[in-house]
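Those letters in the sequence shown? Residues 13 to 96, by the working numbering. Virtual Cβ for every residue (Gly too), placed ideally from N, Cα, C. What follows is a short report on a single structure.
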Amino acid sequence: MKPAIHPAYGPVVFRDRAASYAFLTRSTMTSDKTIDWEDGNTYPVVDVEISNVSHPFYTGTARVLDTAGRVERFERRYGRYGAN
């Protein structure tokens, strides 16, 4: 790799404000804000709107669509295909 053309890759804390959850990982993202982490070190923190802790797909709180009701409504409106 060529020196001095790649962004710095280091530890960053990502904080999900909606779920009050934070995790430490490595990234090229930077931030002016910092946070004191559990290990006593200070890391840059990036606030995110959604993570696996607050996303409905991962939490199981996703809304289930009433597909049966929609099909029945469509059939009432337009009739069954091939019905005599």
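Let me know if residue i comes out buried or exposed under the rule of 16 or more other beta-carbons within 10 Å of its beta-carbon.
{"i": "Val25", "result": "buried"}
{"i": "Ala34", "result": "buried"}
Which of the three DSSP states is assigned to residue i in this structure?
{"i": "Arg29", "result": "coil"}
{"i": "Gly91", "result": "coil"}
{"i": "Val24", "result": "strand"}
From what residue to what residue does the beta strand (DSSP E) around residue i run?
{"i": "Val57", "result": "54 to 60"}
{"i": "Thr42", "result": "From DSSP, Thr42 is part of no beta strand (DSSP E); its letter is neither H nor E."}
How many whole angstroms separate the CB atoms of residue i and residue j, which I take to be in contact at a CB cut-off of 8 Å?
{"i": "Ser113", "j": "Ala31", "result": "With the chain covering 13 to 96 only, the question about residue 113 has no answer from this structure."}
{"i": "Val57", "j": "Thr42", "result": "The pair is not a contact, with the Cβ atoms about 11 Å apart (cut-off 8 Å)."}
{"i": "Pro19", "j": "Leu36", "result": "Contact doesn't hold; Cβ gap of about 18 Å is too wide."}
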